[in-house]
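**Student:** Order-wise, the sequence lines are chains A and B.
The first sequence begins at 1 in this note's numbering and counts up one residue at a time.
The second sequence begins at 199 in this note's numbering and counts up one residue at a time.
Glycine included, C-beta positions come from ideal geometry on N, C-alpha and C.
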Amino acid sequence: MDFDQKRQEDYVLIRSFLKGEIVSFDQLVIKYKDKIFNLCYRFLADFAEADDCAQETFVNVYRSLKGFRFESSFSTWIFRIAVNICRNKLVSADYRRKKKMIRLDSPLGQAGESDCVLEIGDERLSPQVQFEREEKAKLIEDAILSLPQDQREVVVLRDVEMLSYEEISKATGLNLGTVKSKLSRARQILVDKLRGQV
Amino acid sequence: MECRDIKGLLSEYIDQVLDKKTYDLVQGHLLSCKKCSQDLDLLKTAANEIKSLKEIKAPDDFLINVHQRIERRSEFEKIVNKFLASPKIRIPAEALGALVTVIFVIAVFRFMHPDGRPTYYPRIHEEMITQPASPIKYPEPKDLFKPKKSMPVLVDKQQAVYSGVVASEQKKIASVNGVTLGTSQGSRELKAAKGKYYLGQSKGASKLNEIAKYESINRSVVTGLDSQPALSDTESLSVGRKDLRAYDESLVDRGAIVKKEPVSDKKPEVLLTINSSKLTLSECVSKIRTIVESRSGTIQSVEIDGSGVKNIVSIKIPTMTYARFIKELSQMGTVQVGIFSVKIQEKYLFLKVEIAVSQ
C-alpha cells in the first residue's frame with residue numbers, strides 16, 4: 001500500500017466522520033494509536049505521560065477534524081498535533097518536577113544524565129515496558145533522551161517513526177534545511193555516545 | 199571537499215536525500231577516505247539501532263479512555279458555554295448607550311450630592327419673600343445693638359463669651375434665663391468681685407441656677423420679675439462669689455471652643471417678634487432655649503430690659519432648621535418676621551427674637 005493510497009483511506013474515514021459516523025473516528029484511532037503512543041513515549045520516556053499525551057492528541061483530533069483541509073496527509077497532521085502536545089508537556093511544571101526526582105542508579109550530582117531510567121515516584125511503568133528495557137535498548141533510549149529536545153524530535157520522527165524530511169518539516173514546523181542540520185547534528189551526537197557500546 | 203564537509207552530509211547521504219551531484223561527490227570521497235567511511239558505518243549502525251527499538255504499543259483500553267476524555271471535555275464545555283453564552287435578547291447599541299449614560303449621570307449626581315438634592319434651597323427663601331400683612335416698624339440694626347448709656351460696656355468682648363446677660367446698671371441685676379440673681383448691692387458686689395463678666399449663655403446660666411439651688415437660697419435670690427424678696431448684701435455676695443467660681447471653671451473647660459466663635463462682630467440678621475399672651479417672659483425665654491437647643495442651635499445672648507419693653511434673645515441656629523424653628527416658635531404666640539439680610543449660603547443663621555408679653 002503506497003503513501004497516496006494510505007492518504008486516501010484516511011480522507012475517506014475523515015469525511016465519514018464529518019458526516020456523523022463516529023465509528024470512522026474509532027478506526028482512525030485504532031490505526032494511529034500505536035504510532036502516536038510510541039512517538040510520545042520516545043519524546044517523554046514515561047509510560048503514563050505518553051498515555052496522557054497520546055489520548056490528548058486524539059481528543060484534539062476529534063475536536064479539530066472539522067478544520068482539516070485535505071491538503072496534507074492525516075499522518076503528518078496528527079504527528080504535528082502530537083509533537084506540540086509533547087512539547088507543552090515537556091515545559092509543564094508537573095513534568096519538570098517529576099524529572100527532578102533522584103535517580104536510584106546514578107551518582108548524586110549526575111541526575112539528569114542519560115544513563116538511567118529508573119525513577120522514584122514512577123510506579124506506573126507497565127511490565128511490557130520493563131521487559132523491553134534490555135541493556136542494549138536502554139543505552140539507545142538513553143542516548144536519544146540525552147539529546148536536546150529539538151534534535152530529539154527530528155531523530156524520533158525520522159528514525160523511529162520513519163517520516164520523510166518533508167513530513168518532519170510539516171510536523172515540527174521547521175523548514176527543510178533546519179530539519180536536515182538538526183538531524184545531522186543529532187545523529188553525530190548519538191554516534192559519539194554509542195561509540196564502543198553498541 | 200574536505201572530511202569536515204563530508205561529515206555534515208553523511209546524515210542526508212544515508213537517507214538518500216542529496217541531489218545527484220552532491221551524492222556522487224560524497225560517494226567518491228568515501229571511497230578514498232577511510233575515516234569518513236568508518237564514520238558512515240557508525241552512523242548507519244546508530245540509525246539502525248534506533249530503528250530497531252521496539253514500538254511501544256498503546257494500552258488496550260486506549261480507545262475507551264479517549265472516548266471518556268472526549269465526553270468529559272464535552273460536558274465541561276457545555277457548562278462553560280451555559281455561563282458564557284451570549285444572551286438571547288439583543289439590546290440595540292443606541293439604547294444601551296443611552297442607558298449607560300443615564301446611569302453615569304445618576305452616579306455622578308449621587309457622588310456630588312449625597313443628600314439627594316443638587317442644591318439646598320431652604321424654605322426660608324419663600325418665607326422671606328412673603329412680607330407680613332402689616333409690617334411692624336423695627337428699629338434699625340445699628341440702633342438695636344447700640345449699647346445704652348446706662349449699660350456697662352463690655353471690656354473684652356472676645357473673652358466675655360457668655361455675654362448674653364446685660365446687667366442694668368441702675369438695678370444691678372444679673373439676669374440668668376429670666377431669673378434675676380441677687381439684690382442690687384449683691385449684684386454690684388458680684389460684678390465687682392469678678393470684674394466684667396456678664397452671664398447669659400444658657401449653659402452658664404443653668405450652671406448658676408443649679409448652684410443657687412444647691413445652696414438652698416434660690417428662693418431668696420430670685421427677685422426681679424417674680425418680685426420675690428432679695429438676699430442681704432452679705433448673702434448675695436457669698437452666692438455671687440460661689441457662682442462666679444463655678445462659672446469660672448465652666449468657662450475654663452469650654453474656653454478653647456468658645457473663643458473660636460467671637461460673637462461680638464456677628465450681628466443678628468433676622469428679627470422676629472413674638473407676642474405671647476399665654477406665657478410669662480421667663481417661660482418664653484426658657485421655651486425658646488429649649489427649641490433652640492433641640493435644633494442644635496445656641497443662644498448668643500439674652501437681653502432683658504427691666505421695664506419689660508425690650509426683651510431680646512439673640513440666637514444662632516442652623517439655617518436649614520429655620521422653618522421648623524419658626525413653626526415651633528409660633529406655638530408660643532403670634533410670630534412676626536422682619537427681614538433684614540439673610541445669607542442662606544451660611545451654615546448658621548443669626549436671629550434676634552424680640553419677646554413681647556401681653557400679660
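(1) Taking all protein chains shown into account, do 16 or more other C-beta atoms lie within 10 angstroms of the C-beta of A:Asp159, making it buried, or fewer, making it exposed?
(2) Beta strand (DSSP E) containing B:Gln214: first to last residue?
(3) Beta-carbon within less than 8 Å of B:Ile455's beta-carbon, same chain only, minus the 5 sequence neighbours each way: which residues are those?
(4) So the candidates are B:Ile515, B:Ala554, B:Lys514; which of them puts its Cα closest to the Cα of B:Ser480?
(5) Do A:Thr172 and A:Glu153 count as a contact pair if the criterion is CB distance below 7 Å?
(6) Using the beta-carbon of each residue, which ones in chain A are nearer than 7 Å to B:Arg150?
(7) To test your reading of the DSSP string, which unbroken alpha helix (DSSP H) runs of 4 or more residues are found completely within the segment 465–528 of chain B?
(8) By Cβ distance below 6 Å, which residues in the same chain neighbour A:Ser24 in space, the five residues on each side in sequence not counted?
(9) Are there 16 or more other CB atoms within 10 angstroms of the CB of B:Thr471, so buried, or fewer, so exposed?
(10) Assuming B:Val264 contacts A:Gln27 (C-beta within less than 8 Å), just tell me the rounded distance between them.
(11) For B:Phe548 versus B:Lys514, is the C-beta spacing smaller than 7 Å?
(12) Measure the Cβ-Cβ separation of B:Glu247 and A:Ile189 and say whether it is below 7 Å.
(13) Can you check the segment 212–287 of chain B for any alpha helix (DSSP H) of at least 4 residues that lies completely inside it and give the ranges in chain order?
(14) Is the beta carbon of A:Ala143 closer than 7 Å to that of A:Leu90?
(15) Return the chain-ordered list of same chain residues with a C-beta closer than 6 Å to the C-beta of B:Ser404, the five sequence neighbours on each side being excluded.
(16) Below 7 Å on C-beta distance, what does B:Ile631 contact in chain A?
(17) Is B:Lys485 buried or exposed, if buried means 16 or more other CB atoms sit within 10 Å of its CB?
(18) Could you round the C-beta distance between B:Ile489 and B:Glu501 to whole angstroms and report it? I think they count as a contact, below 8 Å.
(19) Would the beta-carbon of B:Leu469 fall within 7 Å of that of B:Lys550?
(20) Go ahead and pull the three-state DSSP assignment for A:Leu44.
(21) Could you check whether the Cβ of A:Thr76 sits closer than 7 Å to any Cβ belonging to chain B?
(22) Please list the residues of the segment 24–40 of chain A that have a C-beta atom closer than 7 Å to any C-beta atom in chain B, keeping them in chain order.
(23) Spell out the partners DSSP gives B:Lys550 in its beta bridges.
(24) Would you mind sorting A:Lys180 into buried or exposed? The rule is 16 or more other CB atoms within 10 Å of its CB.
(25) Look up A:Gln27 in the DSSP assignment and say whether it is helix, strand or coil.
(26) Taking 7 Å as the cut-off, decide whether the C-beta atoms of A:Leu183 and A:Ala45 are in contact.
(27) In angstroms, rounded to a whole number, what distance separates the CA positions of A:Val155 and B:Ala291?
(28) For the beta strand (DSSP E) containing A:Gly173, list its first residue and its last residue.
(29) Thinking C-alpha only, which one of B:Leu208, B:Asp259, B:Arg267, B:Ser250 is nearest B:Asp239?
(30) Measuring CA to CA, which of B:Lys252, B:Lys242, B:Glu200 is closest to B:Ser230?
(31) For the segment 225–256 of chain B, list every residue whose C-beta sits within 9 Å of some C-beta in chain A, in sequence order.
(32) Are the Cβ atoms of A:Asp34 and B:Lys255 separated by less than 7 Å?
(33) Does the CB of B:Glu210 have a neighbour CB from chain D at under 7 Å?
(34) Would you grab the beta carbon distance between A:Val29 and B:Leu261 for me? Rounded to a whole angstrom, and I think it's under 8 Å.
(35) What residues are listed by DSSP as bridge partners for B:Gln534?
(36) Rounding to the nearest angstrom, what Cα-Cα distance links B:Val353 and B:Tyr546 in this structure?
**Tutor:** Taking the structure as given:
(1) buried
(2) Where B:Gln214 is concerned, there is no enclosing beta strand (DSSP E), given that its DSSP letter is neither H nor E.
(3) With a pLDDT of only 43 at B:Ile455, under 50, the local geometry of the prediction cannot be trusted, and the value read off the model is given with reservation. Nothing meets the Cβ criterion.
(4) Checking every option, the nearest Cα to that of B:Ser480 belongs to B:Ala554.
(5) yes
(6) The structure shown has nothing for residue 150 of chain B, since chain B only spans 199 to 557.
(7) DSSP runs (the alpha helix (DSSP H)) wholly in the segment 465–528 of chain B: 479–492, 520–527.
(8) Leu13, Ser16, Phe17
(9) buried
(10) B:Val264 to A:Gln27, Cβ: 13 Å. No contact.
(11) yes
(12) no
(13) The segment 212–287 of chain B contains these whole alpha helix (DSSP H) runs: 218–230, 232–250, 260–282.
(14) no
(15) Note that B:Ser404 scores a pLDDT of 49, beneath 50, so its modelled location is shaky; the value from the coordinates is reported in the next line. Hits under 6 Å: none found.
(16) Nothing can be reported for residue 631 of chain B, as the shown portion of chain B is limited to 199 through 557.
(17) buried
(18) Not really, about 18 Å apart at Cβ, beyond 8 Å.
(19) yes
(20) helix
(21) By this cut-off, A:Thr76 is not an interface position.
(22) Asp26, Val29, Ile30, Lys33, Asp34, Phe37, Asn38
(23) B:Leu469, B:Ser512
(24) Label assigned to A:Lys180: buried.
(25) helix
(26) no
(27) 57 Å
(28) Taken as a continuous stretch (DSSP letters only), A:Gly173 belongs to no beta strand (DSSP E), as it is neither H nor E.
(29) B:Leu208
(30) Here the closest residue by C-alpha is B:Glu200.
(31) Those residues of the segment 225–256 of chain B that come within reach of chain A (Cβ to Cβ, closer than 9 Å) are Asp237, Leu240, Leu241, Thr243, Ala244, Ala245, Asn246, Glu247, Ile248, Lys249, Ser250, Leu251, Lys252, Glu253, Ile254, Lys255, Ala256.
(32) yes
(33) In the structure shown, chain D cannot be found, because the protein chains are A and B.
(34) 5 Å
(35) In DSSP, B:Gln534 forms a bridge with B:Thr471.
(36) Unreliable positioning characterises B:Val353 in this predicted model, as indicated by a pLDDT of 45, which lies under 50. A coordinate reading is not provided.
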